[in-house]
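Report on the following structure.
There are 2 protein chains.
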Amino acid sequence: MKLYVVGIGCGNRNGMTVGAEKAVLESDIIVGYTVYAEQIKRMYPEKECMSTGMKQETERVELALRLASEGKTVSLVCSGDSELYGMAGLALELAVKYPDVDVETVAGVSAAFSGGAVLGSPLTYDTAIISLSDLLTPTKKIEKRLRCAADGDFVIVLYNPSSKKRADYLKKACDIILEYRSPDTVCGYVRNIGRDGEESRLLTLSQLRDTSVDMFTTVFIGSSETKIIGGKMVTPRGYRNV
Amino acid sequence: MKLYVVGIGCGNRNGMTVGAEKAVLESDIIVGYTVYAEQIKRMYPEKECMSTGMKQETERVELALRLASEGKTVSLVCSGDSELYGMAGLALELAVKYPDVDVETVAGVSAAFSGGAVLGSPLTYDTAIISLSDLLTPTKKIEKRLRCAADGDFVIVLYNPSSKKRADYLKKACDIILEYRSPDTVCGYVRNIGRDGEESRLLTLSQLRDTSVDMFTTVFIGSSETKIIGGKMVTPRGYRNV
């Protein structure tokens, strides 16, 4: 009668929390999106894993809840964190139909943090995290949030910066941010964080505007204080003592 | 010649990543703020630990860099994540004086996520993280960010919501947010996340305004979509399919 919704981090065991690993090991069955279910299967070959495809989030959560209601201990795995752009919210919503199932959120390291660590320390201070996907948020709301985050001089992390249908979304987002920030603002991106083929690049906001990234990329836009120090993207600490 | 800046999560081993634990175990010496150095000492009693007090961040980082430059493998530990309100930025800044030392950021689960998991799933979508401490950010900039985050309908997570000198900062922050959001907005807070005496509460924004919290508390202010579902704070997933 237990469903763990588990953030498994960026893609390797080092990026998982000890608690996430315990939840997976304690579970009778693991449910996840195909890619993450396969990843867990490679890491823990003895575990029974079930998967559903992209955009089948409701089916996936229902499957996990049904298995838990049948008496199994289940881990529903999400990449990064289990809340942020993950399945914990939907699991808690749908769990009202399964009152016997105890749903527990197990936090994980989201791409803003695992990717930030690759670049150096962009996220030293106040940070806004925004997804450019309009599947679940209206475009006007995304644009408003970009404006507010840029105006507030937050370090901005962009998730889902691109897809086949949305090839120019990053360019549009940069154009909005360029209304508030210098074209020389320090930016960076990381692709395939923690996986084979991980790559990263530092660049200016005007360069980022004209760069194509794919859906496996997380984008970082510095605040007015962010610098490149020793080849790393760093938002320095403090306005009084530096 | 290696310095790991390690986010150790919320306060217990389950909240640490496997990679953070490896870095600590691989290190000859651990450096941290007194509370976190003691925590590591309890978890790994065989490890040599050195600590410095509050507001001695520069001394702490210099100590860690000096030890690393003398040939030791060092972990500089931070609670939560190593970037966000952590030491990674300062370490990368000061490391220019120690060109032989390789500084590696090891990400951790920040309180927004470990605390969010306690409350349910407040952070399902776009999130703004703001510290109310004016030690390192001017008050005017903090107020501007609160306005922008509220106007953008972000879920807002407040770090350092209070201290002895700033007893009314949370009230002031709530007053700013109340210019943009309903007094009935779903809010929550978690105190001592992952530690003895962990406690959490759900309340409205108007109730939060008149609540005293301490410096060990992380505060969550829902977006216009955040609800209480089954006793948990949940930002529901999606505007099309719910």
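These protein sequence lines map, in sequence, to chains A and B.
Per our numbering, the very first residue in the first sequence carries number 140; after that it's consecutive.
Per our numbering, the very first residue in the second sequence carries number 140; after that it's consecutive.
Ideal Cβ placement from N, Cα and C applies to all residues, glycine included.
Residue(s) in a DSSP beta bridge with residue i
i: Ala256 (chain A); result: The partner list for Ala256 (chain A) (beta bridge, DSSP) is empty, contrary to what the question assumes.
i: Met372 (chain B); result: B:Gly259 and B:Ile367
i: Tyr143 (chain B); result: B:Ser214 and B:Glu243
i: Thr266 (chain B); result: A:Ile268 and B:Val294
i: Ser134 (chain A); result: One cannot answer for residue 134 (chain A) here, as it falls past the ends of chain A, which runs 140 to 381.
i: Val235 (chain A); result: Val235 (chain A) is not bridged to any residue.
i: Arg328 (chain B); result: In the sequence as presented, Arg is not what sits at residue 328 (chain B); that position holds Tyr. Per DSSP, B:Arg340 and B:Val358.
i: Cys188 (chain B); result: B:Ile169
Coarse secondary structure for residue i, derived from DSSP in three states
i: Lys194 (chain A); result: coil
i: Leu347 (chain A); result: helix
i: Leu274 (chain B); result: coil
i: Glu282 (chain B); result: helix
i: Cys313 (chain A); result: helix
i: Ile179 (chain A); result: helix
i: Leu223 (chain A); result: coil
i: Ser302 (chain A); result: coil
i: Gly333 (chain B); result: coil
i: Arg320 (chain A); result: coil
i: Val116 (chain B); result: Look at the range of chain B in this structure, 140 to 381, and you will see that residue 116 (chain B) is not part of it.
i: Ala148 (chain B); result: Position check: residue 148 (chain B) holds Gly in this sequence, whereas Ala was assumed. Residue state, collapsed to three classes: strand.
i: Gly377 (chain A); result: coil
i: Ala230 (chain B); result: helix
Proximal chain A residues relative to residue i, where beta-carbon distance stays under 9 angstroms
i: Thr191 (chain B); result: Result: empty, since nearest Cβ-Cβ is about 15 angstroms, beyond 9 angstroms.
i: Val358 (chain B); result: Under the 9 angstroms cutoff, chain A gives no residues; its nearest Cβ is about 14 angstroms from Val358 (chain B).
Within chain A, partners of residue i - CB distance below 8 angstroms
i: Lys303 (chain B); result: Within chain A, no residue comes near Lys303 (chain B); the closest Cβ sits about 19 angstroms away, beyond 8 angstroms.
i: Thr374 (chain B); result: Gly228
i: Ser249 (chain B); result: Phe252
i: Gly148 (chain B); result: Thr156
Chain B contact residues for residue i, given Cβ-Cβ distances below 9 angstroms
i: Tyr143 (chain A); result: The premise fails here: Tyr143 (chain A) is roughly 10 angstroms from chain B at the closest Cβ pair, so nothing lies under 9 angstroms.
i: Lys283 (chain A); result: Asp290, Gly291 and Asp292
i: Cys287 (chain A); result: Ala267, Arg286, Cys287, Ala288, Ala289, Asp290, Gly291, Asp292 and Phe293
Chain A residues whose Cβ lies nearer than 7 angstroms to that of residue i
i: Lys371 (chain B); result: Leu231
i: Ile269 (chain B); result: Asp265
i: Glu165 (chain B); result: Going along chain A, no residue has its Cβ under 7 angstroms from Glu165 (chain B), so there is no contact; the nearest lies around 12 angstroms.
Proximity winner among the options, relative to residue i (alpha-carbon distances)
i: Tyr237 (chain A); options: A:Arg205, A:Ser272 and A:Arg348; result: A:Arg205
i: Leu274 (chain A); options: B:Arg376, B:Ala230 and B:Leu274; result: B:Arg376
i: Met140 (chain B); options: B:Gly171, B:Ser301, B:Pro300 and B:Ala234; result: B:Ala234
i: Ala159 (chain B); options: B:Val352, B:Thr343 and B:Gly219; result: B:Gly219
i: Lys371 (chain B); options: B:Lys310, B:Arg199, B:Ser301 and B:Ser339; result: B:Ser339
i: Glu198 (chain B); options: B:Ala230, B:Ile295 and B:Tyr298; result: B:Ala230
i: Ile281 (chain A); options: A:Thr350, A:Ser166 and A:Asn299; result: A:Asn299
i: Ser190 (chain B); options: B:Gly255, B:Gly171, B:Tyr183 and B:Glu196; result: B:Gly171
i: Tyr308 (chain B); options: B:Asn331, B:Ile269 and B:Val174; result: B:Ile269
i: Pro184 (chain A); options: A:Val163, A:Leu271 and A:Gly192; result: A:Val163
i: Lys161 (chain B); options: B:Gln195, B:Glu196 and B:Thr212; result: B:Thr212
i: Gly291 (chain B); options: B:Gly192, B:Arg320 and B:Ser301; result: B:Arg320
i: Ala267 (chain A); options: A:Thr278, A:Gly255, A:Leu297 and A:Gly254; result: A:Leu297
i: Ser208 (chain A); options: A:Asp241, A:Lys186 and A:Leu347; result: A:Asp241
i: Gly254 (chain B); options: B:Asn331, B:Lys366 and B:Gln346; result: B:Asn331
i: Thr357 (chain A); options: A:Gly192, A:Thr263 and A:Ser302; result: A:Ser302
i: Ser345 (chain B); options: B:Ile315, B:Tyr264, B:Glu222 and B:Ala306; result: B:Ile315
Chain-ordered chain B contacts of residue i [CB-CB under 8 angstroms]
i: Ser253 (chain A); result: Ala246
i: Val235 (chain A); result: Ile368 and Gly369
i: Glu222 (chain A); result: Phe252, Gly255, Ala256, Ser260, Pro261, Leu262 and Thr263
i: Val157 (chain A); result: Arg152, Asn153, Gly154, Met155, Thr156, Val157 and Glu160
Residue i: CB within 6 angstroms of a non-hydrogen atom of the ligand SAH
i: Gly255 (chain A); result: This structure simply doesn't include the ligand SAH, nor any ligand for that matter.
Legend entry - Given 8 angstroms, three or more beta-carbon pairs between the stretch 242 to 255 of chain B and the stretch 281 to 288 of chain B: no
Inset, instruction - Pair every Cβ in the stretch 354 to 363 of chain A with every Cβ in the stretch 141 to 153 of chain B, then say whether three or more of these pairs are closer than 8 angstroms. - result: no
Legend entry - Cβ contact check for the stretch 175 to 183 of chain B and the stretch 255 to 270 of chain B: 3 or more pairs under 8 angstroms: no
Inset, instruction - Give a yes or no on contact between the stretch 325 to 332 of chain A and the stretch 154 to 170 of chain B, applying the rule of three or more CB pairs nearer than 8 angstroms. - result: no
Inset, instruction - Examine the Cβ distances between the stretch 195 to 204 of chain B and the stretch 214 to 229 of chain B and report whether three or more of them are shorter than 8 angstroms. - result: yes
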